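Q:
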Amino acid sequence: MTRKLGVCYYPEHWPEDQWPRDAARMKDAGLTLVRIGEFAWSRLEPSPGDLRFDWLDRAISVLAEAGLEVVLGTPTATPPRWMLDRHPDMLAVDARGQPRKFGSRRHYCFSHPGYRAEAARIARLLGERYGRDPRIVAWQIDNEYGCHDTTLSYSDAARHGFRDWLAQRYQSTDALNRAWGNVFWSMAYDRFDQIDLPNLTVTEPNPAHALAFRRYASDMVVAFNRAQVAALRPLTDAPLIHNYMGRVTEFDHHAVGADLDIASWDSYPMGFLLDRVEAPADHKAAYLRQGDPDFQAFHHDLYRGVGRDGRWWIMEQQPGPVNWAPWNPAPLPGMVRLWSHEAFAHGAEAVCFFRWRQAPFAQEQMHAGLLRPDDSPAPGLEEAAALAADLPRLPDVSPSRAPVALVFDYPSQWAWEVQPQGADFDYFALCFAMYRGLRKLGLSVDILPADPARLAGHDLILVPGLLHLSADMTAYLATTQAQVLVGPRAGSKTPEMSIALPLGPNLQGLDATVTHVETLPPGAERALQRGGAAERWIEAVETRAEILEETTEGAPVLIRTGRQHYLAAWPDPEAMGRILRDLCSRAGIQTTDMPEGVRQRVHGHHKLVVNYSSEMRVFENDALPPAGLVWKLIP
Amino acid sequence: MTRKLGVCYYPEHWPEDQWPRDAARMKDAGLTLVRIGEFAWSRLEPSPGDLRFDWLDRAISVLAEAGLEVVLGTPTATPPRWMLDRHPDMLAVDARGQPRKFGSRRHYCFSHPGYRAEAARIARLLGERYGRDPRIVAWQIDNEYGCHDTTLSYSDAARHGFRDWLAQRYQSTDALNRAWGNVFWSMAYDRFDQIDLPNLTVTEPNPAHALAFRRYASDMVVAFNRAQVAALRPLTDAPLIHNYMGRVTEFDHHAVGADLDIASWDSYPMGFLLDRVEAPADHKAAYLRQGDPDFQAFHHDLYRGVGRDGRWWIMEQQPGPVNWAPWNPAPLPGMVRLWSHEAFAHGAEAVCFFRWRQAPFAQEQMHAGLLRPDDSPAPGLEEAAALAADLPRLPDVSPSRAPVALVFDYPSQWAWEVQPQGADFDYFALCFAMYRGLRKLGLSVDILPADPARLAGHDLILVPGLLHLSADMTAYLATTQAQVLVGPRAGSKTPEMSIALPLGPNLQGLDATVTHVETLPPGAERALQRGGAAERWIEAVETRAEILEETTEGAPVLIRTGRQHYLAAWPDPEAMGRILRDLCSRAGIQTTDMPEGVRQRVHGHHKLVVNYSSEMRVFENDALPPAGLVWKLIP
Amino acid sequence: MTRKLGVCYYPEHWPEDQWPRDAARMKDAGLTLVRIGEFAWSRLEPSPGDLRFDWLDRAISVLAEAGLEVVLGTPTATPPRWMLDRHPDMLAVDARGQPRKFGSRRHYCFSHPGYRAEAARIARLLGERYGRDPRIVAWQIDNEYGCHDTTLSYSDAARHGFRDWLAQRYQSTDALNRAWGNVFWSMAYDRFDQIDLPNLTVTEPNPAHALAFRRYASDMVVAFNRAQVAALRPLTDAPLIHNYMGRVTEFDHHAVGADLDIASWDSYPMGFLLDRVEAPADHKAAYLRQGDPDFQAFHHDLYRGVGRDGRWWIMEQQPGPVNWAPWNPAPLPGMVRLWSHEAFAHGAEAVCFFRWRQAPFAQEQMHAGLLRPDDSPAPGLEEAAALAADLPRLPDVSPSRAPVALVFDYPSQWAWEVQPQGADFDYFALCFAMYRGLRKLGLSVDILPADPARLAGHDLILVPGLLHLSADMTAYLATTQAQVLVGPRAGSKTPEMSIALPLGPNLQGLDATVTHVETLPPGAERALQRGGAAERWIEAVETRAEILEETTEGAPVLIRTGRQHYLAAWPDPEAMGRILRDLCSRAGIQTTDMPEGVRQRVHGHHKLVVNYSSEMRVFENDALPPAGLVWKLIP
Ligand SMILES: [Zn+2]
Ligand SMILES: [Zn+2]
Ligand SMILES: [Zn+2]
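If you read the protein sequences in the order shown, they are chains Y, P and X.
At position 201 of the first sequence the residue is numbered 202 (our numbering), and the sequence of numbers has no breaks.
At position 173 of the second sequence the residue is numbered 174 (our numbering), and the sequence of numbers has no breaks.
At position 383 of the third sequence the residue is numbered 384 (our numbering), and the sequence of numbers has no breaks.
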């Protein structure tokens, strides 16, 4: 597999005579990919129908002549101001009922048919001009779907779209009323056009209503993306990509990814640490200038599962301080290189830095680039160049199956957001806690959708918190040769968000009935016999299966029959580590206790070891300074 | 007095062929009451005028034939979706100006005349059909008025209603301007239709304006309830009941109760602990699975005062985990029984569990019932049955006057919400702190409105924080043979929310002038000479009365002349205990220092002792395990 | 300079027959000024055009006959209710899009031309009647501009006004697009009427857009004030004054002040401490009943720079507990006198107490006056009288130049609010931290706008955080004989809120380039070699200048060439103290380490020493009790 480095570039931001010098410096730094175009609609079409592709032609020529490959973005995340004159109702509406206005980006509602057609139109126009251009090696569609909470919109377009979607799904309001249990609180509907969006209700809406809206909203992202795919596919053979954003879970990435060729994501380790990693303050302080040691890897492994045939990229990689976290310090020297190596070790085909030169104007003027606003090299450039020099020396590790599969299911995220039952129950956090536990044991992981066809070939399969266990899934879990861990909260609901009857988890061959659940505030953890505790969530289980873990009061917490295990609580880190270690032992997977902040990623006979901590760590005879890394052969 | 156990049941949620078995199991468990119908409007009238009472007829028959007595609810808390087509403006509007939409419950504005008429209509139709039916032993009107912050609405209906109400109250805008002091900041009105609701003002509205709106909003609840009472009264002799919700103070329960026969309330001890009891974190941790040891009793004693002739019920009693608190653990074994015994000891005629079978669908699917969703017994059922077995053995204790009366006045709650002066001044919290102090001394308490006619026969009368002292009240307090404690903040205002002149408290025969007040943030408590401290609120008092308590700097905090005492501060628990003990001593009331978490309720020669703590406690030679209780004769 | 004491009085609140007695008691207490009229519009013009000045004539007569001088306010902060019938769209609109309704005060949008004309009309009418009346010694225009967040309004009037303002400033949308960098995210505009206000955007608006709106909003306050000035100037020779409110920074006080004669401010030390001083909890606890030891002085020194020729007053001085802070305790005895002495020591011509008698009605009924609501003296009256007795004995200290100048620039406040980059970066807080550091060293300070013409004659000039360094400014700083400290963050932007190129600070003769910045959460401070640390904000600087301070890792933090210093971080208190001490030493300014809570203000050969702490302090052989003060000659 060839690994590439790239950069995000905005020729429209700079004088044209600066382009050749920029291109040459990119090439000198060892970069070979350059992403352009994704916010440039107002320059491509300054007024409706007035197409100005000439500057883009010239930019592509300059870049290509310097030996760079171009990734071309569709500019649909930033419709020009005139678009609002054509579609005054295209704006998304927030949960309080206010339109979200022009003046930044992503100012459109995914449900709006008029804007969707405009997006397809500009994609088609770009495809017609550049689809067969060999200098364009890939396409990026839109930018960071869902960023800035833009998946959910409470607009008129969404209201009408939701009613149509419900009519398609349920066919009759009687069926919908039954599915949702609308007899409760006299919520029954007679006509689909009586159904409103589930915002601003007096108290919480029916969770089935809320979950249906969440499914609808995700489908609208899929449909929006698909409209551009449909426009581009006939016009190009280059791969189609979207760049997802970290911990954006409001739409189903697997569903969007199914229409695309490569998954990519935008990796901002330090921004994410302060902005969206759930961790204690001392952990955040320890990793302030490095980013969380597992958050990037989680997304690498997730997007490898989203991309077709495991193909994935980093489309944007933080090269220095960003501008959007609560605080924005600079990375420790070496971290830019470390993050990039880690991405490659997880199978990335490309890592692109965001951005080439720091813009002195507009919203991201405080966001570092590889160059400073005054054109001098920023610290990131040196690390990028060092990385480029590293690349040829790296072992050629193609994506390989990891021993552990972790199921991540977007509808489960929505369901538990709708109904957390305890203030700190969060599906992502549960999956991430399990993932972190695996990483502390030195394990490599594949994160996969809840699809039995994807799970084959792993030695250990983890299915935490899955909303609904389908018949296919229970059949597979009962017959796979892998060790299987299901729970907590998995299989507890029907797809319509009712309680499953018989009560969950309904695993084949494992006798277990969750009779009721308890949520536990901080300080009310339930100690386990073997150490550690259950926190946040614990279930009462009736079972005749073997009990592997129980509370000090004798309530079963981990049970098993054969290879199938059911976990009836959210384990704290100590208990999580023990439970995972025992599972691996049964699965014949070797574990390694990693030092604090040290992580590894294994591919066949190679592995990368990285040190996220700010202190020297020794691991397997290697002394790793802060931000240190080593590639090694596995004997 | 006969004590009854009951349960809330929703026949419309279950197949009709399940009803007989449900009824038989209820009976087997020792339940004799069953409440039905209160959310069933969409089944009773699926479209306007299309009445379907047949299923209700059959449900009543099934229940009655099993030997159960029926409490029938009017379904007005959940108007069907078609009601909005008839009355598009019937929704309440929140303080930010947004309509609170259909999709859950309580989606109506109390001020809306059209909806009020619809509510009276359905009540009348139910009364016509079931009013003389002997199987219906009581009526519940609506459900949990004010729950989900629904008392205050900023709708057009409220705006117009408020103007009419003001015109009735003040007769002229000149009178209103004078009463409110509208000369201040040029706020005078020329016409009643210039007066808006007091939301969204630039800075705080005139407190007189705000208090008037709070009085108006409470009156609308009274009027809404009264419309249904007026419809039902001619049609039935069965008692009319409303089920109030814990710590809902936005309307005057005494005023609503005056139109009804029995007060009932919905008791969710664990939900309330985390959701609406103001207490330190360690206290909440200690009582996490038991509920606060005084919160239920406070409401029992409050609603005994709200019900006609002291008649009151628990209409809903938590039988296991609920779904709506920030966290929802399960009760300690025995607590369901303990809570119910305590209610009976405070004079409840009935305790009904909410609900029979946990619903697998809609908003409350995570709320425990006596049965699990799969029809198996939930833990609460066994406790309910044990309780049913206990009942015949309980001493027959009719409601009797407690030695202590505590005045609780809803308008005072509103007034101090409008004008707390310190961020943590809350009238309910003040009354509750005093109530807790009494309970820790083993005392039984009557909670009563500010009506001298209700206060007779008590040995100690406590009047904290009463907005206004009427001439009747001051006369009574000066002449009663009881010991009297008034203050802090009592008698400080006119009924129109101006400062009383002469300055309060204006007690007859007790020389005291509160010249100014101070509010104290946490950490700024003022130590008292005799120990403990004043917290949150302290007054400067000019007095020639006897000084019983003072700060270490010599400021009077408790003064008295004869039997009348004035308290010029919010005492911390230590000071509160001492002050109350001393008062009891002067009143000839015997006190008992209760162990932590142990409480008692005395009736004549019997008393119930309960242990809310999670540890074994010994009290008067009885060893009480967690959730333990004992009924005993008082020698 | 004659020093005066005064009081705020509302004759319209009291029966006319009480006026003479009030006036006599004011005079007896030693007060000589009385401010009236500023909220009385509804009494002056009860309906449109129906002018009732007779009562005001009589009030002025009564006061003047008692020997009092009158300050007359224009009542434009409280338009009567009928004004809304004439101008229904005059209300300000909040950032969420809701009109801010009638019912309190300041219910107008500064952009509304109709209301502005009404304000000018009532000012003109008052001027015509009282402009030449010798009993009126000064005018107050409006009241506390910007209080209650009223500077920023998102109304239609603001939207249209903003577009006109932009058209004036930029002349073409091309120029605007270039200035703002609207090529970024395709935000370009074709017509000025496409530009909306920068609220409710999907993510943050362009900071240039946001800053332009902040400038516009400030200009509207200036224009509103100027309209009244224009009405009054031809009609009176008495000085025109506005009373600013503490820490209101949304409009440019220097720009408003340029149209007026005297600056005044409303000093509520205890309200401010809890409501708007940023300080640790233990600091707030220590000064709970005294107010912050530097907050008042900061404003004294700021408004001395706002007033023409340094003329400034305290128009409102807290005389006891207020009603609007989170908690409202009473001042320590002596503090009312201390605050007033301190104001005089900083050059105040007058100190007026707010208010004469506590009103028993409306919004401020819990706000103390010099009299209680029952007409008895409140504690403040005695202190006011003691103060009046002090005045003749005070040294006659005219305003003199302080050795230190601190630049405070309102646009910098707006810019950094728009783009803090770190959650706790606040320009006011930065300037205040520097000011507090100076005060702890016993220094007197002039706070001045970023105008070289104003900076002459100081020995030390501090320029923290100045958005933009103009050519005039850099030239001045390079040539002044004063020691100069610039930074952090100064000179980092163009006036249009782009990054300055070359990169800042661009000082003449001091080689320094800030290549990037870091923001630091609490706990991530960077230790300095010489002790203390950088917190919140630190810059990477390339420099060949002398390094005076650096981090323990060797990053330069304070550099200098000649007299010019650049500070590349936000120093913690320890580092701030050392840096300022060293600067003073270089500037030949003598410093004094003040004991905790003790402060001094020097004028020529006199100085005032005050003790803000609640404990006895000894300073220079003077024992100062809590709230103690001493005036002394400097040898
Ligand atoms: Zn991005
Ligand atoms: Zn309920
Ligand atoms: Zn004021």
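For glycine and all other residues, C-beta sits at the position ideal for the given N, C-alpha and C.
Note that the structure is a prediction, hence the values are computed from the model and not measured.
Roughly how many angstroms lie between the CA atoms of P450 (chain X) and V419 (chain X), to the nearest whole one?
A: Numbered from its first residue, the third sequence carries residue 450 (chain X) at position 449. Numbered from its first residue, the third sequence carries residue 419 (chain X) at position 418. Each residue's Cα considered, the two are about 20 angstroms apart.
Q: Measure the Cβ-Cβ separation of S265 (chain P) and I242 (chain P) and say whether it is below 8 angstroms.
A: Taking the second sequence and counting its residues from 1, the one referred to as residue 265 (chain P) is at position 264. Taking the second sequence and counting its residues from 1, the one referred to as residue 242 (chain P) is at position 241. Cβ distance < 8 angstroms, so S265 (chain P) and I242 (chain P) count as in contact.
Q: Can you say whether I590 (chain X) is buried or exposed, counting buried as having 16 or more other CB atoms within 10 angstroms of its CB?
A: Sequence index remark: in the third sequence, residue 590 (chain X) carries index 589 (1-based). Classification of I590 (chain X): buried, given that the 10 Å Cβ count is 16 or more.
Q: Could you compute how far the alpha carbon of P16 (chain Y) sits from the alpha carbon of W56 (chain Y)?
A: As a first step, residue 16 (chain Y) must be located in the first sequence, where it is residue number 15. As a first step, residue 56 (chain Y) must be located in the first sequence, where it is residue number 55. Cα to Cα, P16 (chain Y) sits roughly 11 angstroms from W56 (chain Y).
Q: Where A349 (chain X) and L6 (chain X) are concerned, what is the direct C-alpha to C-alpha distance, given to the nearest angstrom?
A: Residue 349 (chain X) sits at position 348 when you count from the first residue of the third sequence. Residue 6 (chain X) sits at position 5 when you count from the first residue of the third sequence. Rounded to whole angstroms, A349 (chain X) to L6 (chain X) spans 10 angstroms at the Cα level.
Q: Just to confirm my understanding: we take L52 (chain P), look at its own chain, exclude 5 residues before and 5 after, and list those with CB closer than 8 angstroms. What are they?
A: If you number the second sequence from 1, residue 52 (chain P) lands on position 51. L45, E46, L126, listed in sequence order.
Q: If the cut-off is 7 angstroms on Cβ atoms, which residues from the stretch 585-607 of chain Y count as contacting chain X, listed in chain order?
A: Hits within the stretch: zero.
Q: Does H254 (chain X) come out as helix, strand or coil in the three-state DSSP assignment?
A: The residue given as residue 254 (chain X) occupies position 253 in the third sequence. Helix.
Q: Are the Cβ atoms of G505 (chain P) and A569 (chain P) separated by less than 8 angstroms?
A: Counting from one through the second sequence, the residue named residue 505 (chain P) turns up at place 504. Counting from one through the second sequence, the residue named residue 569 (chain P) turns up at place 568. Cβ distance not < 8 angstroms, so G505 (chain P) and A569 (chain P) don't count as in contact.
Q: So, for F103 (chain P): in the same chain, excluding its five sequence neighbours on each side, which residues have a beta-carbon less than 8 angstroms away from its beta-carbon?
A: If you number the second sequence from 1, residue 103 (chain P) lands on position 102. So the qualifying residues of the chain are R82, L85, L92.
Q: Tell me which residues share the same chain as A25 (chain P) and place their Cβ nearer than 6 angstroms to its Cβ, disregarding the 5 neighbours each side in the sequence.
A: Taking the first residue of the second sequence as 1, we reach residue 25 (chain P) at position 24. These residues qualify, in order along the chain: A67.
Q: Could you give the distance in angstroms between the alpha-carbon of L693 (chain P) and the alpha-carbon of F296 (chain P)?
A: A question about residue 693 (chain P) goes unanswered here, because the residues of chain P that appear run from 2 up to 636.
Q: If you follow the beta strand (DSSP E) that E70 (chain P) is part of, which residue opens it and which one closes it?
A: Numbered from its first residue, the second sequence carries residue 70 (chain P) at position 69. It spans 70-74 - the beta strand (DSSP E) in which E70 (chain P) sits, taken as one unbroken run.
Q: Could you give the distance in angstroms between the alpha-carbon of A120 (chain P) and the alpha-carbon of Q229 (chain P)?
A: Along the second sequence, one-based indexing puts residue 120 (chain P) at 119. Along the second sequence, one-based indexing puts residue 229 (chain P) at 228. Going by the C-alpha atoms only, they are around 7 angstroms apart.
Q: Compute the distance between the beta-carbons of P320 (chain X) and F354 (chain X), then report whether it is under 8 angstroms.
A: Taking the third sequence and counting its residues from 1, one reaches residue 320 (chain X) at position 319. Taking the third sequence and counting its residues from 1, one reaches residue 354 (chain X) at position 353. Result yes, Cβ atoms of P320 (chain X) and F354 (chain X) sit closer than 8 angstroms.
Q: Could you name the residues of chain Y that E13 (chain P) contacts, counting a contact when the two beta carbons are closer than 7 angstroms?
A: By one-based count along the second sequence, residue 13 (chain P) stands at place 12. The answer, in chain order, is V184.
Q: Apart from the five residues on each side of it in sequence, which residues of its chain come closer than 7 angstroms, Cβ to Cβ, to P453 (chain Y)?
A: Residue mapping note: residue 453 (chain Y) aligns to position 452 of the first sequence, counting from 1. Cβ within range, chain order: D473, M474, Y477.
Q: Since I believe G466 (chain Y) is in contact with S413 (chain Y) (beta carbons under 8 angstroms), could you give me their beta-carbon distance rounded to a whole number of angstroms?
A: As a first step, residue 413 (chain Y) must be located in the first sequence, where it is residue number 412. As a first step, residue 466 (chain Y) must be located in the first sequence, where it is residue number 465. Contact holds; Cβ gap of about 6 angstroms.
Q: Report all residues from its chain with a CB closer than 7 angstroms to the CB of D425 (chain P); omit the five preceding and five following residues, and keep chain order.
A: Counting from 1 along the second sequence, the entry for residue 425 (chain P) is found at position 424. Counting only Cβ-Cβ distances below 7 angstroms, and skipping sequence neighbours, we find R537.
Q: At least one CB of chain X closer than 8 angstroms to the CB of D375 (chain Y): is that the case?
A: Counting from 1 along the first sequence, the entry for residue 375 (chain Y) is found at position 374. Taking Cβ atoms only, chain X reaches closer than 8 angstroms to D375 (chain Y), which makes this a yes.
Q: Is P327 (chain Y) near L392 (chain Y), with beta carbons less than 8 angstroms apart?
A: Mapped onto the first sequence, residue 327 (chain Y) falls at position 326. Mapped onto the first sequence, residue 392 (chain Y) falls at position 391. Their beta carbons are not under 8 angstroms apart, which means P327 (chain Y) does not touch L392 (chain Y) by this criterion.
Q: Helix, strand or coil for M246 (chain P), going by three-state DSSP, please let me know.
A: Translated into positions along the second sequence, residue 246 (chain P) becomes position 245. DSSP places M246 (chain P) in strand when its eight states are reduced to three.
Q: Across which residues does DSSP place A535 (chain X) in a beta bridge pair?
A: What you label residue 535 (chain X) is simply residue 534 of the third sequence in a count that begins at 1. Looking at the DSSP assignment, A535 (chain X) forms a beta bridge with X:R527, X:P572.
Q: Over the uninterrupted beta strand (DSSP E) stretch that includes D623 (chain Y), give me the two end residues.
A: For this step, residue 623 (chain Y) is matched to residue 622 along the first sequence. Residues 623-625.
Q: State the Cα-Cα distance for the pair D376 (chain Y) and P503 (chain X), rounded to the nearest angstrom.
A: Working through the first sequence from its first residue, we reach residue 376 (chain Y) at position 375. Working through the third sequence from its first residue, we reach residue 503 (chain X) at position 502. Approximately 10 angstroms between the Cα atoms of the pair.
Q: Does DSSP put N329 (chain X) in a helix, a strand or coil?
A: Taking the first residue of the third sequence as position 1, residue 329 (chain X) is located at position 328. DSSP places N329 (chain X) in coil when its eight states are reduced to three.
Q: Would you list the one or two residues that DSSP bridges to V631 (chain Y)?
A: Working through the first sequence from its first residue, we reach residue 631 (chain Y) at position 630. In the DSSP output, where bridge partners are listed per residue, V631 (chain Y) has Y:V610.
Q: On the CB-based measure, 16 or more other CB atoms within 10 Å of its CB, does A390 (chain P) come out buried or exposed?
A: In the second sequence, residue 390 (chain P) corresponds to position 389, counting from 1. Its Cβ having fewer than 16 others within 10 Å, A390 (chain P) is exposed.
Q: Where do the ends of the beta strand (DSSP E) carrying K28 (chain P) lie?
A: Along the second sequence, read from residue 1 onward, the residue named residue 28 (chain P) stands at position 27. Careful: K28 (chain P) lies outside any beta strand (DSSP E), inside the alpha helix (DSSP H) at 20-29.
Q: To test your reading of the DSSP string, which unbroken beta strand (DSSP E) runs of 3 or more residues are found completely within the stretch 188-251 of chain Y?
A: If we require 3 residues or more, the beta strand (DSSP E) runs fully inside the stretch 188-251 of chain Y come out as 241-246.
Q: Tell me the rounded alpha-carbon separation between D165 (chain Y) and Y171 (chain Y).
A: Counting from one through the first sequence, the residue named residue 165 (chain Y) turns up at place 164. Counting from one through the first sequence, the residue named residue 171 (chain Y) turns up at place 170. Going by the C-alpha atoms only, they are around 10 angstroms apart.
Q: Between which two residues does the alpha helix (DSSP H) harbouring H517 (chain X) extend?
A: For the purposes of this step, residue 517 (chain X) is identified with residue 516 of the third sequence, where counting begins at 1. No alpha helix (DSSP H) holds H517 (chain X); the beta strand (DSSP E) holding it covers 513-521.
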